[in-house]
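As structure tokens, the structure follows; a few thoughts come after it.
In the working numbering, the protein residues as written are 28 to 442.
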């Protein structure tokens, strides 16, 4: 079982979890019981706990007083920390260090890629007139693409369909490239954040090269979890998905790709992202990138084997496609996801019902909808995602909690 406990409280109250008001201090006359069940954190696709390597690097960087843009000794020390992290992140991706632009997270990196590409291409005289976006992209990509299409005269937004397993249709991309006119920008994620389904990025890259199109890959979920065996003009990354700090990301930009900065006022990050860099956060990002080892599917596979034993009718989305080794998205028939989340959380098992950025919104997953999943079944979907500190004990805790949930649930609870 993981040694990291986001809710390590000696009380039965959960009010101290995830930013809620801290519980009152227990008194000697009111001893608090220990939690009955072990804690299992299985929501690494939402955020992964900070690795010790990242924490240590951040603590060292916090001792550096200088601004990395300053020329004095303290400034040079800060700049050295940035350079080291840039090399560490680029090594994990397999790109030159000079192509790494640090950002304030994956969402900013996605916006910089899309808006920067469209505006940069226009400034160079090679306007992008077509934007192809897969139907299962992260909301930050979908929303930015929609806004760009509404704000940019002559830019046409087209959706790339996916099959029942959630794999983007390369034939659709090929047909779109052949049928239309003008330069195209393709947005295709490396792997889906909800289902873990790996996308045909290498095929899309080949089509882009043949047609002169640009390719943007949101690799936020795939980065550090599986091999990055593809090339693209723009690749977005996020630190906290691999055990780094939140609020730090990066965009890898091919030297020949157009990019207009979206934040102005300074020459930081090769003049493409103004603002004094978050040295400590970036140092932590670099350290966890250097420590990162691709995950294998052992825990995920064991979990799904046990899940099928206790719920014979369980649906595992994308099961027949290549998936990230840490991700399982499934539906418990006739048990609403909200019911499952509450029951599992009370049992100390933390999972998700979909993308964390959309939590609290009662609506079907656009990813499952694009795969042709009914609203009823999508409303029962849960996501389990393992990470760097997950163990077999986490699998055991999750399966035990699911067994209790299924045993308590009415035979046909409305989803």
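Even glycine gets a Cβ: it sits at the ideal position worked out from N, Cα and C.
Looking only at DSSP bridge pairs, what is residue 357 linked to? 343 and 409
DSSP three-state label for residue 377, please. strand
Residue 155 to residue 255, Cα distance in whole Å? 26 Å
Is it buried or exposed for residue 279, if we count other Cβ within 10 angstroms and need 16 for buried? buried
I need the boundaries of the alpha helix (DSSP H) containing residue 98, first residue and last residue. From DSSP, residue 98 is part of no alpha helix (DSSP H); its letter is neither H nor E.
Excluding sequence positions up to five away, which residues of its chain have a Cβ less than 7 Å from the Cβ of residue 184? 158, 160, 172, 173 and 176
Per DSSP, what kind of secondary structure is residue 66 in: helix, strand or coil? coil
Among 375, 408 and 115, which has the Cα closest to the Cα of residue 319? 115
So what does residue 214 bridge to, in DSSP terms? 160 and 243
Which residues bound the alpha helix (DSSP H) around residue 147? 133 to 150
Compute the beta-carbon to beta-carbon distance between residue 223 and residue 345, rounded to the nearest angstrom, for a pair I have assumed lies under 8 Å. 7 Å
Our contact map puts residue 301 next to residue 293 with C-beta atoms below 8 Å; I'd like the distance itself, whole angstroms only. 4 Å
Between residue 411 and the rest of its own chain, which residues show a CB-CB distance below 7 Å, the 5 nearest in sequence each way excluded? 69, 330, 355, 378 and 425
Can you have a look at residue 191 and say buried or exposed, based on whether 16 or more other CB atoms are within 10 angstroms of its CB? exposed
Is the beta carbon of residue 326 less than 8 Å from the beta carbon of residue 422? yes
As a quick exercise: from 98, 270, 240 and 341, pick the residue whose alpha carbon is nearest that of residue 250. 270
Check each candidate in 243, 233 and 95 and name the one with the smallest Cα separation from residue 260. 243
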